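Quick note on this note's numbering: the sequence shown kicks off at 90 and runs consecutively.
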Amino acid sequence: MNLFPWNPLRDIDSIGREMNNFLENLKIASPRIDVYQTETEVIINAEIPGVSKEDLNVYVDEDTVRLSGETKRDEEYKDENIYRTERFYGNFSRTISLPVEVKSEQAKAEYKNGILSIRLPKVEPTKIKGRQINID
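Here it is as structure tokens:
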């Protein structure tokens, strides 16, 4: 005999917590970024610790940047010796939409102390000139 009646909402709450934990773990595989702009350029700083420069790829076009790479383990662990593993290992990728159009051919990147800094010069805005239209 149960002292407490079955409550289906309790199970839903438990499933919700499990989904939140799962989604939080997925965020680890995507580098955290800051994107901001000055008058002349868009700047992206991405946290990518523990990755060698040779394992990073940056692709830039006029309005997006794609970061990808691989985080490798320094050594292999035997399953029975692992107490906790929270670090992400494997391939990662992140596509960033830019707030303005940039000159992709002039983009520059620097990787130092686990931070990838990308500087993207902005395309100069063209002034759209209005004009009177004759009505036929």
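The beta-carbon is built from N, C-alpha and C at its ideal position, and this holds for glycine as well. Keep in mind the model is a prediction, meaning the values are calculated, not measured.
Self-check item: Whole-Å CB distance - Pro-138 paired with Arg-183, under 8 Å assumed
Solution: Actually they are not in contact, since the Cβ atoms of Pro-138 and Arg-183 sit about 15 Å apart, beyond 8 Å.
Quiz item: For Lys-192, which of Ala-135, Glu-143, Val-124, Thr-153 has the nearest alpha-carbon?
Solution: Thr-153
Quiz prompt | Status (buried if at least 16 other CB within 10 Å, exposed otherwise) for Val-212 | solution = exposed
Practice problem: Tell me the start and end of each unbroken beta strand (DSSP E) in the segment 180–214 that is at least 3 residues and wholly inside, in chain order. | Solution: 197–201, 204–210
Self-check item: N-terminal and C-terminal residue of the beta strand (DSSP E) that Asp-123 is part of
Solution: 121–126
Quiz prompt | the segment 173–181 contacting the segment 101–109, beta-carbon criterion three pairs below 8 Å | solution = no
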